[in-house]
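So the structure is just underneath, and the comments pick up after that.
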Amino acid sequence: IKREDVRNVAIIAHVDHGKTTLVDELLKQSGVFRENQEVQERVMDSNDIERERGITILSKNTAVYYKDTKINIIDTPGHADFGGEVERVLKMVNGVILVVDAFEGAMPQTKFVLKKALELDLHVIVCINKIDRPEARPDEVIDEVLELLMDLDASDEQLDCPFLYASAKRGHAVLDLNDAPHNMEPLFETILKYIPAPEGDPDAGTQVLISTIDYNEYVGRIGVGKVDNGIISVNQEVVIVNHHDPDKKKKVKISKLYEFDGLSKTEVSSASVGSIVAISGISDIHIGDTLCSPDNPDPIPFQKISEPTIAMHFMVNDSPLAGQEGKYVTSRHLRERLFRELNTDVSLRVEDTDTTECFKVSGRGELHLSVLIENMRREGYEFAVSKAEVLYHTDERGKLQEPMEIAYIDVPEEFSGTVIQKLSERKGELQGMSLASDGSTRLEFHIPSRGLIGFRGEFMTATKGNGIINTAFDGYGPYKGDIQYRKQGSLIAFESGDAVTYGLFSAQDRGTLFIGPGEKVYAGMVIGQNGKAEDIELNVCKTKHLTNTRSSSADEALKLTPPRVLSLEQALEFIDSDELLEITPASLRIRKKILD
Ligand code: GDP
Numbered sequence: 003i004k005r006e007d008v009r010n011v012a013i014i015a016h017v018d019h020g021k022t023t024l025v026d027e028l029l030k031q032s033g034v035f036r037e038n039q040e041v042q043e044r045v046m047d048s049n050d051i052e053r054e055r056g057i058t059i060l061s062k063n064t065a066v067y068y069k070d071t072k073i074n075i076i077d078t079p080g081h082a083d084f085g086g087e088v089e090r091v092l093k094m095v096n097g098v099i100l101v102v103d104a105f106e107g108a109m110p111q112t113k114f115v116l117k118k119a120l121e122l123d124l125h126v127i128v129c130i131n132k133i134d135r136p137e138a139r140p141d142e143v144i145d146e147v148l149e150l151l152m153d154l155d156a157s158d159e160q161l162d163c164p165f166l167y168a169s170a171k172r173g174h175a176v177l178d179l180n181d182a183p184h185n186m187e188p189l190f191e192t193i194l195k196y197i198p199a200p201e202g203d204p205d206a207g208t209q210v211l212i213s214t215i216d217y218n219e220y221v222g223r224i225g226v227g228k229v230d231n232g233i234i235s236v237n238q239e240v241v242i243v244n245h246h247d248p249d250k251k252k253k254v255k256i257s258k259l260y261e262f263d264g265l266s267k268t269e270v271s272s273a274s275v276g277s278i279v280a281i282s283g284i285s286d287i288h289i290g291d292t293l294c295s296p297d298n299p300d301p302i303p304f305q306k307i308s309e310p311t312i313a314m315h316f317m318v319n320d321s322p323l324a325g326q327e328g329k330y331v332t333s334r335h336l337r338e339r340l341f342r343e344l345n346t347d348v349s350l351r352v353e354d355t356d357t358t359e360c361f362k363v364s365g366r367g368e369l370h371l372s373v374l375i376e377n378m379r380r381e382g383y384e385f386a387v388s389k390a391e392v393l394y395h396t397d398e399r400g401k402l403q404e405p406m407e408i409a410y411i412d413v414p415e416e417f418s419g420t421v422i423q424k425l426s427e428r429k430g431e432l433q434g435m436s437l438a439s440d441g442s443t444r445l446e447f448h449i450p451s452r453g454l455i456g457f458r459g460e461f462m463t464a465t466k467g468n469g470i471i472n473t474a475f476d477g478y479g480p481y482k483g484d485i486q487y488r489k490q491g492s493l494i495a496f497e498s499g500d501a502v503t504y505g506l507f508s509a510q511d512r513g514t515l516f517i518g519p520g521e522k523v524y525a526g527m528v529i530g531q532n533g534k535a536e537d538i539e540l541n542v543c544k545t546k547h548l549t550n551t552r553s554s555s556a557d558e559a560l561k562l563t564p565p566r567v568l569s570l571e572q573a574l575e576f577i578d579s580d581e582l583l584e585i586t587p588a589s590l591r592i593r594k595k596i597l598d
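Quick note: the sequence shown uses UniProt numbering, first residue 3, plus one each step.
Okay, here's the thing in structure tokens:
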């Protein structure tokens with residue numbers, strides 16, 4: 003049957019194009035907010051860091067009502083770094099709303115999610131937002147969107163999509179620019195008319211595929227998914243099966259079941275085909291699990307969650323200055339927090355190492371891990387991290403494979419030469435170059451993830467803060483060979499007794515320190531490019547002996563005593579930055595122990 007009283011739709015938008023405002027407005031107009039009750043919290047993007055970085059990591063659900071229909075609105079991750087998630091989320095819906103800024107136009111960063119939606123045969127509603135902006139150019143933007151859809155091989159049916167003109171800020175949408183704007187009704191109506199109702203067999207055995215996991219301190223793990231077939235009820239016994247591991251079955255009883263309602267969830271006693279439900283009380287529920295009737299446990303296939311591509315070591319900060327920046331500093335704190343993150347983030351992997359003070363954390367791209375690092379620091383965790391390293395694979399013939407990314411870049415024209423040069427040095431291949439509507443240059447690179455490590459800082463400096471870079475994982479590809487590029491910076495020397503450690507200080511990376519060969523260091527200074535000592539607090543820090551560098555022993559390096567400023571050429575003579583460990587304290591404070 004078709005559930006005519008339900009619509010499941012995902013929303014796709016580039017950062018700042020108005021997704022949150024639009025959903026808030028739909029909520030308000032659907033009558034969820036009682037009079038005089040201000041919108042306290044924005045519906046989506048509640049995570050500070052997501053906002054700052056302009057990406058949405060966790061998928062969140064909202065439900066609005068229009069007439070007799072419940073519309074489940076599902077947020078899509080704005081970034082493709084967190085592999086597999088997009089597809090799983092899109093499998094819950096029958097259509098998408100693409101929100102595009104009427105001035106900025108379609109942004110290449112939404113391509114990845116949109117392409118997935120088209121591949122899954124979803125219907126698209128295009129919502130040209132911010133038509134109230136004086137610079138709005140809706141007609142051109144519509145052409146751009148159609149072009150993008152064609153580029154992405156949309157079907158004829160998908161190309162024949164409805165376009166709406168909206169001002170989410172003023173709370174209205176129209177189907178024709180000549181129509182008088184009133185409210186969001188035209189958008190609600192379009193959703194009802196154009197997005198197919200979910201279908202399934204209510205008399206068949208229960209099948210609920212868990213697409214996302216939420217976590218709540220009080221109830222623990224919460225599985226979220228759509229009822230594909232049958233009915234799910236409280237007290238029902240179900241079997242949990244996973245398509246990728248069909249022999250492992252587990253019987254559980256459903257204790258708590260919810261549906262989304264406005265910003266929150268309401269408990270329900272049962273839910274039928276097409277409903278999106280949340281289930282708590284099952285502690286080891288995982289993404290990709292299907293909850294089935296015990297008599298016919300038939301798991302629904304899903305895309306395997308992609309493996310991490312990059313790893314970093316998270317370490318206890320054991321310097322004398324430890325504890326100044328955070329309240330959680332012990333390895334027990336660190337371990338507990340990292341493993342807790344696994345509850346909600348399936349793309350993450352955390353492993354113990356030989357040392358109790360150090361954990362290997364692997365994720366999808368540098369950005370993924372840096373979001374985690376920042377979140378933890380904000381929560382009061384103090385720890386040190388190593389430089390990111392990529393995780394290689396070998397293919398069937400034993401050839402080395404490395405993770406690749408697509409980098410989308412917007413820069414004022416005068417910087418495009420520098421950016422192209424920098425990325426070419428890092429084995430990036432320019433795939434496309436175009437002029438954006440605001441006169442900036444848009445570049446698209448295919449590049450090894452390796453080449454992007456530490457690049458953001460350098461990019462910001464090189465473009466004087468005027469550039470935008472977005473990256474998306476693009477699978478594994480053949481190893482591209484050594485990357486050799488020159489880091490601008492100056493050599494620094496740390497003295498301790500008669501031992502000296504050298505490192506490369508790179509202003510480009512906003513103070514990244516690469517520590518070279520050496521022993522224990524107790525005190526020191528950073529010598530600036532012009533030979534002037536700059537303030538820095540230096541803690542005890544042990545550097546590891548390097549192998550595969552041109553000077554493979556600490557002894558050799560120490561021949562360069564006494565500490566002095568070396569030219570970049572001299573520095574590069576004995577520092578191979580790829581082999582070095584990186585410290586990135588925002589305050590230039592070294593708080594790190596590099597483990598042997
Ligand atoms: P999101 O990142 O896609 O969730 O975008 P937001 O909803 O946070 O909106 C980004 C900015 O655009 C905010 O400052 C909004 O107030 C503004 N905005 C959203 N919709 C409109 C609109 O229809 N017109 C105008 N002028 N501004 C809008």
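Note that beta-carbon positions come from the ideal geometry of N, C-alpha and C, so glycine has one too.
C-beta atoms of residue i and residue j nearer than 8 angstroms
| i | j | result |
| --- | --- | --- |
| L166 | I127 | yes |
| F316 | V373 | no |
| T208 | G225 | no |
| R9 | T71 | yes |
| L124 | L100 | no |
| G456 | G382 | no |
| F361 | R380 | no |
| L340 | M186 | no |
| V270 | E261 | yes |
| K424 | I449 | no |
| R351 | E404 | no |
| E149 | F105 | no |
| T23 | A175 | no |
| Y217 | T346 | yes |
| E407 | L454 | yes |
| L393 | I312 | yes |
| P204 | N96 | no |
| L120 | A156 | yes |
| E415 | Q433 | no |
| G20 | N180 | no |
| V25 | I76 | no |
Range of the contiguous beta strand (DSSP E) that encloses residue i
| i | result |
| --- | --- |
| Y67 | 63-68 |
| I13 | 8-15 |
| I471 | 470-480 |
| R444 | 443-450 |
| E431 | 431-437 |
| N74 | 71-77 |
| I455 | Segment: none, I455 is in no beta strand (DSSP E) and carries neither H nor E. |
| I3 | No beta strand (DSSP E) contains I3, which DSSP labels as neither H nor E. |
| I233 | 233-235 |
Enclosing alpha helix (DSSP H) for residue i [first to last residue]
| i | result |
| --- | --- |
| D158 | 158-161 |
| P405 | Per DSSP, P405 belongs to no alpha helix (DSSP H); it is in the beta strand (DSSP E), 402-413. |
| Q31 | 21-31 |
| S266 | Careful: S266 lies outside any alpha helix (DSSP H), inside the beta strand (DSSP E) at 266-269. |
| V95 | That residue, V95, is in no alpha helix (DSSP H); it is neither H nor E in DSSP. |
Any chain B beta carbon closer than 8 angstroms to residue i
| i | result |
| --- | --- |
| S451 | In the structure shown, chain B does not exist; there is a single protein chain. |
Checklist entry - Where the beta carbon is closer than 6 angstroms to any heavy atom of the ligand GDP, which residues qualify, in chain order? => result A15, V17, D18, H19, G20, K21, T22, T23, D47, N131, K132, D134, R135, S169, A170, K171
Checklist entry - Mind pulling the beta strand (DSSP E) runs of 3 or more residues that sit fully within the segment 319-395? => result 351-354, 360-365, 385-387
Next on the checklist: Extract the residue ranges of the alpha helix (DSSP H) inside the segment 99-124, only unbroken runs of 4 or more that lie entirely within it.
Outcome noted: 113-121
Item to check | alpha helix (DSSP H) runs wholly inside the segment 146-223, at least 4 long, in chain order | outcome: 158-161, 187-196
Checklist entry - Unbroken beta strand (DSSP E) runs of length 3 or more, entirely within the segment 245-324: which are they? => result 247-255, 258-263, 266-269, 272-274, 278-282, 291-294, 312-318
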